[in-house]
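Undergrad: Chains V and D supply the protein sequences, listed in that same order.
Per my numbering, residue 280 is the first one in the first sequence, and the count goes up by one each step.
Per my numbering, residue 323 is the first one in the second sequence, and the count goes up by one each step.
Glycine included, each C-beta is placed from N, C-alpha and C at the ideal position.
All values reported here derive from a predicted model rather than from experimental measurement.
Would you mind keeping the following structure in view while I ask a few things?
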Amino acid sequence: LAPWVPVVGLEIHAQISSNSKLFSGSQVQFAAPPNSLVSFFDASLPGTLPVLNRRCVEAAVMTGLALNCSINKKSLFDRKHYFYADLPAGYQITQQRVPIAVNGSLSYSLCIDNKMSQMVTKTVRIKQIQLEQDSGKSLHDDTRSQTLVDLNRAGVGLMEVVMEPDMCCGEEAAAAVRELQLILQTLGSSQAVMAEGQLRVDANVSVHHPGEPYGVRTEVKNINSIRFLAKAVDYEIQRQIEELENGGTILNETRAFDSKLGCTVPMRDKEGKQDYRFMPEPNLPPLILYDAKSLPANMNHQQVINIDWIYERLPDLPSVKREKLVEQYGILPEHSFALLNEDGLAEFYENVVKQTRMKPKRVIGWVLKDLLSYLKQHSLTAKESPVSSFLLADLLNLLEKKEISSTAAKQVLAELWKGEGKTPLEIVKEQKLQLLQDQEELEQICQTVIDRQENEVIMMVLG
Amino acid sequence: QKVSVEVLDHLEHLALVDFRDSEGVERLEKAIQFADQLHEVNTDGVEPMDSVLEDRCLYLREDDVTEGNCTKELLENAREKVEEYFVAPPGNIPLPKLEERDTFLQGS
Numbered sequence: 280l281a282p283w284v285p286v287v288g289l290e291i292h293a294q295i296s297s298n299s300k301l302f303s304g305s306q307v308q309f310a311a312p313p314n315s316l317v318s319f320f321d322a323s324l325p326g327t328l329p330v331l332n333r334r335c336v337e338a339a340v341m342t343g344l345a346l347n348c349s350i351n352k353k354s355l356f357d358r359k360h361y362f363y364a365d366l367p368a369g370y371q372i373t374q375q376r377v378p379i380a381v382n383g384s385l386s387y388s389l390c391i392d393n394k395m396s397q398m399v400t401k402t403v404r405i406k407q408i409q410l411e412q413d414s415g416k417s418l419h420d421d422t423r424s425q426t427l428v429d430l431n432r433a434g435v436g437l438m439e440v441v442m443e444p445d446m447c448c449g450e451e452a453a454a455a456v457r458e459l460q461l462i463l464q465t466l467g468s469s470q471a472v473m474a475e476g477q478l479r480v481d482a483n484v485s486v487h488h489p490g491e492p493y494g495v496r497t498e499v500k501n502i503n504s505i506r507f508l509a510k511a512v513d514y515e516i517q518r519q520i521e522e523l524e525n526g527g528t529i530l531n532e533t534r535a536f537d538s539k540l541g542c543t544v545p546m547r548d549k550e551g552k553q554d555y556r557f558m559p560e561p562n563l564p565p566l567i568l569y570d571a572k573s574l575p576a577n578m579n580h581q582q583v584i585n586i587d588w589i590y591e592r593l594p595d596l597p598s599v600k601r602e603k604l605v606e607q608y609g610i611l612p613e614h615s616f617a618l619l620n621e622d623g624l625a626e627f628y629e630n631v632v633k634q635t636r637m638k639p640k641r642v643i644g645w646v647l648k649d650l651l652s653y654l655k656q657h658s659l660t661a662k663e664s665p666v667s668s669f670l671l672a673d674l675l676n677l678l679e680k681k682e683i684s685s686t687a688a689k690q691v692l693a694e695l696w697k698g699e700g701k702t703p704l705e706i707v708k709e710q711k712l713q714l715l716q717d718q719e720e721l722e723q724i725c726q727t728v729i730d731r732q733e734n735e736v737i738m739m740v741l742g
Numbered sequence: 323q324k325v326s327v328e329v330l331d332h333l334e335h336l337a338l339v340d341f342r343d344s345e346g347v348e349r350l351e352k353a354i355q356f357a358d359q360l361h362e363v364n365t366d367g368v369e370p371m372d373s374v375l376e377d378r379c380l381y382l383r384e385d386d387v388t389e390g391n392c393t394k395e396l397l398e399n400a401r402e403k404v405e406e407y408f409v410a411p412p413g414n415i416p417l418p419k420l421e422e423r424d425t426f427l428q429g430s
């Protein structure tokens, strides 16, 4: 049987972290009474007009720059038409012709063979980033055969990030999205929490034989976590391969991932190809961005967005932070990867290192193994740790000075975890875990043991 | 120029219009004819203009919360509501296929 080459592309919608919506002044907030964060424009009442939120444009520019994109100094807004109860206007304002950023790239790392010891770097091309409106939320009430509509989310700013089909499996898709999530969180352009719908991923999947043209692709929606993303993509690849090997064909359709069953199913309401009848948004002139060279002299400061100004103020991206950690502390790339993968853990590690004499290379084990496993067990973040960086550093100092053994240190940590306010030294004294340093005392103890177990000693000496 | 039944059917699906009778279709064809006059202008090498606002400055608003909190007013126009939610039919009810619906286009 000829081998199959799976091809995976992603469309990611990230909700912009802003106070107000993309084209109106209503508030952006996750949980609020239904229809309380809705303006007349969001409800599409006649006579209302869109007014672009500056912060949303800055968020998109930051994200574009962080993903190595070319920022389009002139981008346009369009209307994408379709009917749905949670889209009151009957169209979504998006950027279909000329989006704000194009042609970027994202580098991400993967472990080979599930071992953390070998990491490989891959790159996925970013086709474009566009600004667009989010829709409201539909709550389906099947018992009463109706849909309840909440427009609180309608009009919230989104950045759609389109990743080219450079990925080949669930693991790659998941790793790419995870890295994008970390970048967005570092920039602050989106909080990117998937569970709160701030990061939504649709996967485009197809398979083909090497050397042949790409196969028909399906779109997979309703993926609610990074873990499910990997599962959904891998399931769909398998489904397509099996279908084709059994002589079937793949329909160009939209499928939903069912997390309970672990499979994809055709989606209702999405049969047949959609015709969105794109047209320019007549109420919005082109969006013009400037850089240091093209900065107009006489314009109101507040009306000007300077790409270079934003670029100069970009924070260190995760990849740069990881390199710095490796360089500064002599830890392995896998270690810095793990540190950045957990919220607040890198800071915690650096704080411990600052407060202890133990070498950073030795501290890393305590943070990544002992501390992190406790945090995971109790579903806590580093910031919520009952064992502060100060306490851990204190404990590691005792170990470093050889006042206790490694085993004893683990015991003390277990005790510290209870959060009873005792210091490591107090616990060591309480449980008598101090290492004996006195040579004479040690000799006496050994002699007593030997004396008590003469027979065993003779056996050992005889071999 | 006549517009084919397939295109008319497609338009009825997309825009949820009902051409109703031959007069409706004729009106459409005349409108297309009228717009086609634009082809008489030579636009070679001319950048398309898609908005008379293209030379205007796109106004940027500060990211402040200035609207919202008018649930009662918004729901006043709703025919049906359930606890401050708008009520809509369950998902899109697709227009039946040409053969299955009562449309003037059937006879064409």
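#1: DSSP three-state call for Q651/V: helix, strand or coil?
#2: Alpha carbon to alpha carbon, how far is K603/V from L624/V? Give it in angstroms, no decimals.
#3: Let me know the alpha helix (DSSP H) ranges lying completely inside the segment 489-533 of chain V, each 4 residues or longer, listed in chain order.
#4: Just checking my contact of P329/V with L563/V at CB under 8 Å: how many whole Å lie between their CB atoms?
#5: I'd like to know if D429/V contacts chain D, where contact means its C-beta is closer than 8 Å to some C-beta of that chain.
#6: What do you reckon, are the CB atoms on N314/V and L466/V nearer than 8 Å?
#7: At a CB distance below 8 Å, what residues from the segment 364-395 of chain D approach chain V? Give them in sequence order.
#8: What alpha helix (DSSP H) runs, 4 residues minimum, are completely inside the segment 595-621 of chain V?
#9: Does the distance from the CB of T400/V to the CB of S388/V come in under 8 Å?
#10: Would you mind reading off the limits of the alpha helix (DSSP H) that contains Q355/D?
#11: Determine, for P418/D, whether the minimum Cβ-Cβ distance to residues of chain V falls below 8 Å.
#12: Does chain D have any CB closer than 8 Å to the CB of H419/V?
#13: Cβ of E362/D less than 8 Å from any chain V Cβ?
#14: So, at 8 Å on beta carbons, what are the nonlocal neighbours of N298/V in its own chain, with the 5 sequence-adjacent residues on each side left out?
#15: Residues in the same chain with beta-carbon distance under 6 Å from M558/V, minus the five sequence neighbours each way, listed in chain order, please.
#16: Leaving out five residues on either side along the sequence, give the residues of the same chain with a beta carbon under 8 Å from the beta carbon of G527/V.
#17: Run through the DSSP bridge pairs and tell me what L749/V is partnered with.
#18: Following the continuous alpha helix (DSSP H) through R341/V, name the residue where it begins and the one where it ends.
#19: Under the rule that 16 or more other beta-carbon atoms within 10 Å means buried, what is T373/V, buried or exposed?
#20: Taking contact to mean 3 or more Cβ pairs, one atom from each stretch, closer than 8 Å, check whether the segment 311-325 of chain V and the segment 398-411 of chain D are in contact.
#21: Measuring only between beta-carbons, confirm whether L618/V sits less than 8 Å from chain D.
#22: Can you tell me whether DSSP reads D420/V as helix, strand or coil?
#23: Decide if the segment 362-379 of chain D is in contact with the segment 287-296 of chain V; the criterion is three or more beta carbon pairs, one per stretch, under 8 Å apart.
#24: Sorted by chain position, which residues of the same chain lie with C-beta nearer than 6 Å to A380/V's C-beta, five sequence neighbours on each side aside?
#25: Alpha carbon to alpha carbon, how far is P594/V from V691/V?
#26: Report yes or no: is there a C-beta of chain V within less than 8 Å of the C-beta of E406/D?
#27: Provide the residue(s) that pair with S485/V in DSSP beta bridges, ordered along the chain.
#28: Which word fits E626/V, buried or exposed, when buried means at least 16 other C-beta atoms lie within 10 angstroms of its C-beta?
#29: Would you mind sorting E515/V into buried or exposed? The rule is 16 or more other CB atoms within 10 Å of its CB.
#30: Taking the DSSP output, what are the residues bridged to P559/V?
#31: Is the Cβ of V435/V closer than 8 Å to any Cβ of chain D?
#32: List, in order along the chain, the chain D residues whose C-beta lies closer than 8 Å to that of F627/V?
#33: Along the segment 341-370 of chain V, what residues have a CB closer than 7 Å to any CB found in chain D?
#34: Could you give the distance in angstroms between the alpha-carbon of N501/V and the alpha-carbon of H419/V?
#35: Mind checking who R432/V pairs with in its DSSP beta bridge?
#36: Counting C-beta neighbours from all protein chains within 10 Å, is the total for I729/V 16 or more, i.e. buried, or is it exposed?
TA: Per the coordinate set shown:
#1: The sequence given here places Leu at residue 651/V; Gln does not occur at that position. Reduced to three states, the DSSP call for L651/V is helix.
#2: 15 Å
#3: 505-524
#4: 6 Å
#5: yes
#6: no
#7: D372, S373, L375, E376, D377, R378, C379, L380, Y381, L382, R383, E384, D385, D386, V387, T388, E389, G390, N391, C392 and T393
#8: 597-608 and 612-620
#9: yes
#10: S344 to D358
#11: no
#12: yes
#13: no
#14: Q306, V307 and R334
#15: R358
#16: none
#17: Nothing can be reported for residue 749/V: it is not among the residues displayed for chain V, which extend from 280 to 742.
#18: Checking the sequence, you will find Met at residue 341/V rather than Arg. R333 to A345 is the extent of the alpha helix (DSSP H) around M341/V.
#19: buried
#20: yes
#21: no
#22: strand
#23: no
#24: G343, C348, I350 and I408
#25: 38 Å
#26: yes
#27: V286/V
#28: exposed
#29: buried
#30: D357/V
#31: no
#32: The premise fails here: F627/V is roughly 32 Å from chain D at the closest Cβ pair, so nothing lies under 8 Å.
#33: F362, Y363 and A364
#34: 15 Å
#35: Bridge partners of R432/V: none, in fact.
#36: exposed
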